[in-house]
Every structure is written in structure tokens, then in C-alpha cells.
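Colleague: Going down the list, the sequences are from chains A and B. Mapping of the first sequence onto our numbering: position 112 corresponds to residue 112, and the numbering continues sequentially without gaps. Mapping of the second sequence onto our numbering: position 64 corresponds to residue 64, and the numbering continues sequentially without gaps. By construction, the Cβ of each residue, glycine as well, lies at the ideal position given by its N, Cα and C atoms. Next up is a structure, given as C-alpha cells.
Number of protein chains: 2
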Amino acid sequence: MSGLRERKKQATRTALSEAALRLAVEHGPDNVRVDDIATAAGVSPRTYNNYFPSREAAIVFAVTADREARVAAAVEAAGSAPLSRAVADAVVTTYTAPAPETLRLITASPALRNAYADTALEPPLAAALSSRVPDATTARVLAAAVTAAVRIALAEWAQPTGGGTGFVVVSGSLPDRLRAALAPLNPALDAAAG
Amino acid sequence: MSGLRERKKQATRTALSEAALRLAVEHGPDNVRVDDIATAAGVSPRTYNNYFPSREAAIVFAVTADREARVAAAVEAAGSAPLSRAVADAVVTTYTAPAPETLRLITASPALRNAYADTALEPPLAAALSSRVPDATTARVLAAAVTAAVRIALAEWAQPTGGGTGFVVVSGSLPDRLRAALAPLNPALDAAAG
DNA sequence: GCCGATTATTGCGTGCCCGCAAGTTTTCGT
DNA sequence: ACGAAAACTTGCGGGCACGCAATAATCGGC
Numbered sequence: 001m002s003g004l005r006e007r008k009k010q011a012t013r014t015a016l017s018e019a020a021l022r023l024a025v026e027h028g029p030d031n032v033r034v035d036d037i038a039t040a041a042g043v044s045p046r047t048y049n050n051y052f053p054s055r056e057a058a059i060v061f062a063v064t065a066d067r068e069a070r071v072a073a074a075v076e077a078a079g080s081a082p083l084s085r086a087v088a089d090a091v092v093t094t095y096t097a098p099a100p101e102t103l104r105l106i107t108a109s110p111a112l113r114n115a116y117a118d119t120a121l122e123p124p125l126a127a128a129l130s131s132r133v134p135d136a137t138t139a140r141v142l143a144a145a146v147t148a149a150v151r152i153a154l155a156e157w158a159q160p161t162g163g164g165t166g167f168v169v170v171s172g173s174l175p176d177r178l179r180a181a182l183a184p185l186n187p188a189l190d191a192a193a194g
Numbered sequence: 001m002s003g004l005r006e007r008k009k010q011a012t013r014t015a016l017s018e019a020a021l022r023l024a025v026e027h028g029p030d031n032v033r034v035d036d037i038a039t040a041a042g043v044s045p046r047t048y049n050n051y052f053p054s055r056e057a058a059i060v061f062a063v064t065a066d067r068e069a070r071v072a073a074a075v076e077a078a079g080s081a082p083l084s085r086a087v088a089d090a091v092v093t094t095y096t097a098p099a100p101e102t103l104r105l106i107t108a109s110p111a112l113r114n115a116y117a118d119t120a121l122e123p124p125l126a127a128a129l130s131s132r133v134p135d136a137t138t139a140r141v142l143a144a145a146v147t148a149a150v151r152i153a154l155a156e157w158a159q160p161t162g163g164g165t166g167f168v169v170v171s172g173s174l175p176d177r178l179r180a181a182l183a184p185l186n187p188a189l190d191a192a193a194g
């Protein structure tokens, strides 16, 4: 390993990812085509999809790269605290790490939100949970549930639209909204960690 | 209401949906293009996407149509039983309703599984939960969590692949797998219903 | 250093999804 | 019954994602 091939792949991957993020910030996420990203990174459009399965994936990867280690560390750092608290802290930590501008960029677009949750949150969370709950399926289910809750929190946070009928004013800081959305899952998390 | 326009729309919608299901059963879900479905229903391919946002949506709609009322009824039917039991029964009922052949068809394809969960399960479940939990966000989160658990149950059921390292033999009946995947969420459901 | 084997890149073709702008059908007020 | 307004259908064009086969680059053994 660590041959030339490996390094080249890593280079083009980060080149694509950084080009994607830069262009998204410059022109807005909707005004950047895959061709633009590929051209900026010096590869063919076809090659782009050998590295990333969607237009959004490259953008979130720029913010994601080391997320697995981070989430795992955040969960482990909680030590023997209740699992609900460990997960909440890990999630909040994950979402306060990127630059605010980048975070806005991602949370503003539904597609980017989902890509972020799917690629940057669920897999490392499932791995981290495996060490604190007995069953593998339980870990997967809880990780998926947490991911779903985060998705909802981001959606509500990004849309201060007063729904219509009821006057549901959702606002406040992102950490608050994340913890609020995660709260209903706390009994499940703590019961599983028992 | 009940004008000519309304009836026509309903007619083409069911025509598309039934054609989609029939063709999927006949040739396999991967061997049917939206052009085929549109042609079979007598509309243009462009019109197809005015009715359904994806190739899969029309297929699942054939099995889905009345799901909202059914899920709501299943939850209400549980009366004052624990919410966890009500939800589990509703989910199992939902997934034992279609013909086995159709169910196999849907669970075999990841895209169809997800479409089924997203369009046929989460929305009605969120509505049904609203009547038993206080907060709207809590209802959304729990519905999303249950949907995620169901997705995992279906994936594990459809893949009897012995993962590799650990010898995780997942098998058994679909209802059993659904209840097993939902079990970790029971504490959250019952706590919210308190 | 050379050569066969593995692996990455690229172009091409196919299919999906959707915005937009006619053109057509239904609805509704008078 | 008529004509304007609203809603539906369709073709066109653009963008995304991917399977496939040919080409080019890299690796590993000698």
C-alpha cells in the first residue's frame, strides 16, 4: 500500500471535493454542475462518478472526511455517562465543527442535508454504538433513528415557516433544536445501553 | 368537486399504477422503463412524472393507495394499549396485507423498499402518532425512527447473507423481524405516550 | 529494467427526472 | 351558451447517474 496509485486517487478525490465545496460556496449549491466540478479538478465528468455517487456527495465529503473518527471519539469520550447524553453530545459536536458558512450551505439544501446525514452520520454512529449496545441490529436501528431525528431537526431549523394551521414557531439555536429532536429517543438509547 | 377533471386524473393515476405493478411482476422490477408504463397507460412519458416522482412510486402506489386510513385505523384500534404495541401491530398489519408475491417484489429491490417506506409508512404514521403524543416534533421523530427501523428489518430479511466475520444469521418470518427491529424503540414510544 | 496482470480513466449510450413553454381541455361566471 | 381563467398534457432540452468496453497507467515478479 501507499503506492503511487493510492496517493493519486486520494489526490483527485480531495481535489474533486474541494473544488465542489469552493464552487458551491461561490455560486450557490444549485448553480454548480458536475461538469464544472470535474473540469475544475482536471478529470472527466465520467470519472467524477467513479469517486462520488451524487453531485452532493463531493460537497459534503469536504466537510466529512474525518467524521468517523470524530463521532467515535465523541461517543467514547462520554465514558460511562448515559448513552443518550453521549449521543447528543456527539451529534452536537459534529454539527458545530464546520465553519458556520459551510453549515448554512449544507443545511439550506434538502439534498445536501440528506447526503450529509447519510454519509457522515449514520455509518460512524452505528459503529460507535456497537461498542455500547449488545445487539448489532439494535445498534443499526438506533443509529438510523438518531439520523432520522437529526434530519428532522435540520429541516425544522432551516425552515422557520410557521406551518400554517397551528402556530408552530420553531427556531432557536441549532444545538437546541438537535437536542430537542433527539429527546424523544433518549429512553430507547438508555434502555439499550442498560 | 367530483368534476370530470378529478375523475380523469384519478383514472390515469390508477391506470399508471396498475400498469406499473403488472409490468414489474411480469418482467421484473428492473426490466420496466417508465416509457413502458406510460405507453401501457396511454399517456406520454412526460405525463408520467406529473403523477409520480420516480419510477418506483407508481409501483408502490398500487399497493399503497389506502394505506393512510389503514395505518391510522391500526393505531386507533389498539385503544389504550401501550403505544409500542399499537405501532408494532400497525406495522405488521401493513406488511402482511399485500399479496406475498407483491411483497417479495417490493422487498427484493432496495429502491422499492425505500419508496414503500417513505410514501406508505412515514406520513400516515406521523399523522396517527399525533393523536397519542403531545408534541408535533416528537410525533415526526418517532414516525421517522419507526420507518428507519422498518427499512433495516426489510433489508436484513431480504438479505440472508451471513455477513462474513460474525455469524449473524438473520432469518425467520417477516413479522418477527419487524418486531425485533422495532423492539429497541419501544421505550421511546411508551415514554412519549405517557 | 522489462512484461504480463491489475486497476484507473474516459467516451458512449441509456435511462431517469424535471423546468419551461406551447397547445389543449375543463371549469366557472355571467 | 359563451368566453375568459384555470388546469392538464406534451415535446423539448438539460442535468444527473451508471453500465460497458476500450485505452492508458501502475504494480509486482523476475
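Note down the Cα distance separating Arg177 (chain B) from Arg140 (chain B), rounded to an integer number of angstroms.
Modeller: Using only the alpha carbons, I get a separation of about 23 Å.
Colleague: Find the residues of chain A that neighbour Pro187 (chain B), judging by a C-beta separation of less than 7 Å, and give them in chain order.
Modeller: Correct list: Pro187, Ala188, Ala191.
Colleague: Let me check understanding here. Comparing Cα to Cα, which of A:Thr102, A:Arg132, A:Gly194 lies closest to Gly28 (chain A)?
Modeller: When only C-alpha atoms are compared, the closest one is A:Thr102.
Colleague: Nearest chain B C-beta to Glu56 (chain A) closer than 8 Å, yes or no?
Modeller: No, because no Cβ of chain B sits closer than 8 Å to the Cβ of Glu56 (chain A).
Colleague: Is there a Cβ from chain B that is less than 8 Å from the Cβ of Thr138 (chain A)?
Modeller: True, the Cβ-Cβ gap to chain B drops below 8 Å.
Colleague: Compare the C-beta of Ala11 (chain A) with all C-beta atoms of chain B and state if any pair is closer than 8 Å.
Modeller: Not closer than 8 Å to any Cβ of chain B, the Cβ of Ala11 (chain A) fails to qualify, so no.
Colleague: Any beta carbon of chain B sitting closer than 8 Å to that of Ala181 (chain A)?
Modeller: It does; some Cβ of chain B falls within 8 Å.
Colleague: Distance cutoff 8 Å, beta carbons only. Does Val141 (chain A) sit that close to anything in chain B?
Modeller: Closer than 8 Å to some Cβ of chain B, the Cβ of Val141 (chain A) qualifies, so yes.
Colleague: If you draw a straight line from the alpha carbon of Pro98 (chain A) to that of Tyr116 (chain A), how long is it in whole angstroms?
Modeller: Taking the straight line from one Cα to the other gives about 12 Å.
Colleague: Using a Cβ-Cβ cut-off of 6 Å (strictly less than) and excluding sequence neighbours within five positions of Leu21 (chain B), which residues of its own chain qualify?
Modeller: Contacts found: Ile59, Ala62.
Colleague: Should Pro100 (chain B) go down as buried or exposed, given a rule of 16 or more other Cβ atoms within 10 Å for buried?
Modeller: Exposed, because fewer than 16 other Cβ atoms sit within 10 Å of the Cβ of Pro100 (chain B).
Colleague: Just to confirm, are Ala73 (chain A) and Ala188 (chain B) a CB contact at a threshold of 8 Å?
Modeller: In this structure, Ala188 (chain B) does not lie closer than 8 Å to Ala73 (chain A) by Cβ.
Colleague: Closer than 8 Å by C-beta to Arg113 (chain A): which residues in its own chain qualify, once you throw out the five before and the five after it? Chain order, please.
Modeller: Around Arg113 (chain A): Ile106, Thr107, Arg151, Leu154, Ala155, Ala158.
Colleague: Please decide whether Gly164 (chain B) counts as near chain A, where near means a Cβ-Cβ distance under 8 Å.
Modeller: Any reading at Gly164 (chain B) needs caution, since the residue's pLDDT is 49, under 50, leaving its predicted position unreliable; the model's value is listed next. Output row for Gly164 (chain B): interface = no.
Colleague: Alpha carbon to alpha carbon, how far is Val87 (chain B) from Asp190 (chain A)? Give it in angstroms, no decimals.
Modeller: Cα-Cα distance, rounded: 20 Å.
Colleague: Within the continuous alpha helix (DSSP H) that includes Asn31 (chain A), where are the two ends?
Modeller: No alpha helix (DSSP H) holds Asn31 (chain A); DSSP gives it neither H nor E.
Colleague: Just the C-alpha distance for Ala77 (chain B) and Leu182 (chain B), rounded to the nearest angstrom, thanks.
Modeller: About 19 Å.
Colleague: Can you tell me whether DSSP reads Leu121 (chain A) as helix, strand or coil?
Modeller: Coil.
Colleague: In angstroms, rounded to a whole number, what distance separates the CA positions of Glu6 (chain A) and Thr12 (chain A)?
Modeller: One C-alpha to the other measures close to 10 Å.
Colleague: By DSSP, does Ala80 (chain B) sit in helix, in strand, or in coil?
Modeller: Note that residue 80 (chain B) corresponds to Ser in the displayed sequence, not to Ala. Coil at Ser80 (chain B), not helix or strand.
Colleague: With burial defined as no fewer than 16 other Cβ atoms inside 10 Å of the residue's Cβ, what is the status of Arg55 (chain A): buried or exposed?
Modeller: With 16 or more other Cβ atoms within 10 Å, it is buried.
Colleague: Taking only three categories from DSSP, how would you classify Val25 (chain B)?
Modeller: Val25 (chain B) falls in the helix class under three-state DSSP.
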